[in-house]
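Data first, discussion second: the structure below is written as structure tokens.
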Amino acid sequence: MAHRVEITRVYHFSAAHQLASAALSASDNVALYGACHRPHGHNYYLEVTVAGTPDARTGMAVDLEALDGHVRRAVLDQVDHAKLEDAPALAGVITTGESLARAFWRVLAPGLPTGRLTRITVVETAKNRFEYRGEDA
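Residue numbers for the sequence shown follow my numbering, so the first one is 23 and each next one is one higher.
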């Protein structure tokens, strides 16, 4: 019987953002988001966890080079050293950590070269980690 394993790759990007909801007035956004309503930035970590069964010939469950390329093209090239609200993958997204995790799942899951996406974690600060495991979790 083949055993499924999970592999987590960690990526880094630096980006600016401003928390604001188009559904709220400027004063309501300030009241809700406080200091985070002002433009500011973070050094984010993006953890991508995929699962697979190790190949009998190679012993590998996931082609890490292919995974890295997919994450780079689908996410990192859009968000690193950028304003998150300007990234096409985040159009219309309020860039909270929770929303980033869901948005990154949405753009990564369909094109995974190998493995099955099981978790996205966005680490915004030393105190804030946001995990998303998909709609079926």
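Using N, Cα and C, we set each Cβ at its ideal position, and we do this for glycine too.
Everything numeric in this text was worked out from a predicted model, so none of it was measured.
Quiz prompt | Residue environment, L122, which counts as buried when at least 16 other CB atoms sit within 10 Å | solution = L122 counts as buried, since at least 16 other C-beta atoms from the protein chains shown sit within 10 angstroms of its C-beta.
Exercise. Tell me, to the nearest whole angstrom, how far the beta carbon of H62 is from that of A38; I am working on the premise that it is less than 8 Å.
Key: 7 Å
Quiz item: Is the stretch 47–57 close to the stretch 71–87, with three or more CB pairs under 8 Å?
Solution: no
Practice problem: Tell whether a beta-carbon distance below 8 Å holds between R141 and R155. | Solution: yes
Quiz prompt | Bridge-paired residues (DSSP) for F35 | solution = Y66
Quiz item: Is G81 buried or exposed, if buried means 16 or more other CB atoms sit within 10 Å of its CB?
Solution: exposed
Quiz item: Is it true that the CB of T143 sits closer than 8 Å to the CB of E157?
Solution: no
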